[in-house]
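Below is one structure; the comments refer to it alone.
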Amino acid sequence: AFIDAEHALDPVYAKNLGVNIDELWVSQPDTGEQALEICENLVRSGAVDIIVVDSVAALTPQKEIEGEMGDSVMGLQARLMSQALRKLTAIVGKSKCIVVFINQIRMKIGVMFGNPETTTGGNALKFYSSIRLEIRRIESIDGKGEEDAVGNRVRVKIVKNKVAPPFRKVELDIYFGKGISSAASILDSSVKHGLIDKRGAWYTRGEEKVGQGKENAVAYIENNPAFKMELENTLREKIFPGQVLRTKEGEVVTKEQILQYEKEMRAKGVGTGSIAEPPAKEEK
Numbered sequence: 296a297f298i299d300a301e302h303a304l305d306p307v308y309a310k311n312l313g314v315n316i317d318e319l320w321v322s323q324p325d326t327g328e329q330a331l332e333i334c335e336n337l338v339r340s341g342a343v344d345i346i347v348v349d350s351v352a353a354l355t356p357q358k359e360i361e362g363e364m365g366d367s368v369m370g371l372q373a374r375l376m377s378q379a380l381r382k383l384t385a386i387v388g389k390s391k392c393i394v395v396f397i398n399q400i401r402m403k404i405g406v407m408f409g410n411p412e413t414t415t416g417g418n419a420l421k422f423y424s425s426i427r428l429e430i431r432r433i434e435s436i437d438g439k440g441e442e443d444a445v446g447n448r449v450r451v452k453i454v455k456n457k458v459a460p461p462f463r464k465v466e467l468d469i470y471f472g473k474g475i476s477s478a479a480s481i482l483d484s485s486v487k488h489g490l491i492d493k494r495g496a497w498y499t500r501g502e503e504k505v506g507q508g509k510e511n512a513v514a515y516i517e518n519n520p521a522f523k524m525e526l527e528n529t530l531r532e533k534i535f536p537g538q539v540l541r542t543k544e545g546e547v548v549t550k551e552q553i554l555q556y557e558k559e560m561r562a563k564g565v566g567t568g569s570i571a572e573p574p575a576k577e578e579k
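All you need for the numbering used here is the position in the sequence shown, starting with 1, plus 295.
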């Protein structure tokens, strides 16, 4: 479910990013109280596995909406979030539902030393959350022979983590209209773990040339599902032993199975991409 407090969701763009719009429940509440009540009811129902609240900064208390411009509303949003999280914590744990709060950064006034940045909604969300991710844009991704940017490179830092070691960082490529590029992530990890050699601008795997420049290398990985799956399986085995991609029968997905799947899809006139499992075998 998606609680769109900012009233900014574009279904067409979301569908292009891979969101299954037909299975997505969307709510656009008028007040912060209404948004958090909807969130509570959805969690209690057990009908959804994940709820996204976009965003905490847009959860406007009803008193603030009914008041005049310039009225003092200090602490209203913080009290609202604190009350809501006290109610949500227990039922979220019982229902096994994931609640994701998207937040925004603000600047503290008069801070001379230390980090002046803070997040909206008070401190309750910081204490109650199990995982907190800080996402920042590093640079723009330029297109081939174009001046206009085609995406952003972002750094994700785990600020808090109750279930795994915190303070780890990762860099991701996000392309406009496509979302996070799995091929770019696979390429970066392959270079880091020695599966692909980077010499100057060239990327190679053994005797096989992957591409000149990162954009060409990413395109090569995207256009070769078998090569992509081979890298992904090798990385999974190297980083997380035993967690390779498998079929429903528990068998490791092989390069031959992917090539056969790719051949069958092309024969049907269907485009191929990364697959989690090969086609089921026909029973005799």
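All residues carry an ideal CB built from backbone N, CA and C; glycine is no exception.
State the Cα-Cα distance for the pair residue i and residue j, rounded to the nearest angstrom.
| i | j | result |
| --- | --- | --- |
| residue 570 | residue 554 | At residue 570, the pLDDT of 40 sits below 50, so the modelled position is not reliable and the matter cannot be decided from this model. |
| residue 453 | residue 445 | 26 Å |
| residue 470 | residue 317 | 23 Å |
| residue 405 | residue 373 | 20 Å |
| residue 323 | residue 333 | 10 Å |
| residue 339 | residue 300 | 20 Å |
| residue 377 | residue 357 | 16 Å |
| residue 501 | residue 491 | 8 Å |
| residue 380 | residue 419 | 7 Å |
| residue 307 | residue 526 | 32 Å |
| residue 325 | residue 371 | 16 Å |
| residue 302 | residue 320 | 14 Å |
| residue 562 | residue 451 | 40 Å |
| residue 421 | residue 359 | 23 Å |
| residue 389 | residue 298 | 21 Å |
| residue 483 | residue 551 | 25 Å |
| residue 365 | residue 352 | 18 Å |
| residue 461 | residue 361 | 41 Å |
| residue 414 | residue 432 | 17 Å |
Who are the Cβ neighbours of residue i in its own chain at under 7 Å, not counting the five residues just before and after it?
| i | result |
| --- | --- |
| residue 439 | 510 |
| residue 424 | 455 |
| residue 412 | 400 and 402 |
| residue 507 | 496 and 497 |
Who are the near neighbours of residue i in its chain, counting only those whose CB is closer than 6 Å to its CB and skipping five residues on each side?
| i | result |
| --- | --- |
| residue 337 | 296, 343 and 346 |
| residue 395 | 347 |
| residue 310 | 316 |
| residue 493 | 486 |
Tell me which residue opens and which closes the alpha helix (DSSP H) that residue i is part of.
| i | result |
| --- | --- |
| residue 385 | 371–390 |
| residue 510 | 509–518 |
| residue 332 | 327–340 |
| residue 359 | 357–361 |
| residue 420 | 419–423 |
Terminal residues of the continuous beta strand (DSSP E) containing residue i?
| i | result |
| --- | --- |
| residue 312 | Per DSSP, residue 312 belongs to no beta strand (DSSP E) and is neither H nor E. |
| residue 446 | 444–456 |
| residue 491 | Element bounds for residue 491: n/a, residue is neither H nor E. |
| residue 462 | Neither: residue 462 is in no beta strand (DSSP E) and is coded neither H nor E. |
| residue 497 | 497–500 |
| residue 413 | 412–414 |
| residue 583 | In the structure displayed, the chain extends from 296 to 579; residue 583 sits before or after that span and is not available. |
| residue 299 | 297–299 |
Could you pull out every residue in the same chain whose Cβ sits closer than 8 Å to the Cβ of residue i, ignoring the five residues on either side in sequence?
| i | result |
| --- | --- |
| residue 458 | 425 and 426 |
| residue 408 | none |
| residue 382 | 335 |
| residue 480 | 467 and 468 |
So, using beta-carbon positions, are residue i and residue j closer together than 8 Å?
| i | j | result |
| --- | --- | --- |
| residue 260 | residue 504 | Missing from the structure shown is residue 260; the chain here goes from 296 to 579 and no further. |
| residue 448 | residue 466 | yes |
| residue 350 | residue 397 | yes |
| residue 436 | residue 478 | no |
| residue 375 | residue 335 | no |
| residue 513 | residue 476 | yes |
Kindly give me the distance between the Cβ atoms of residue i and residue j, rounded to whole angstroms, as I take these residues to be in contact under 8 Å.
| i | j | result |
| --- | --- | --- |
| residue 312 | residue 474 | 4 Å |
| residue 330 | residue 354 | 6 Å |
Spell out whether any CB of chain D is found under 8 Å from the CB atom of residue i.
| i | result |
| --- | --- |
| residue 491 | Reference to chain D is not applicable here, since this structure consists of a single protein chain. |
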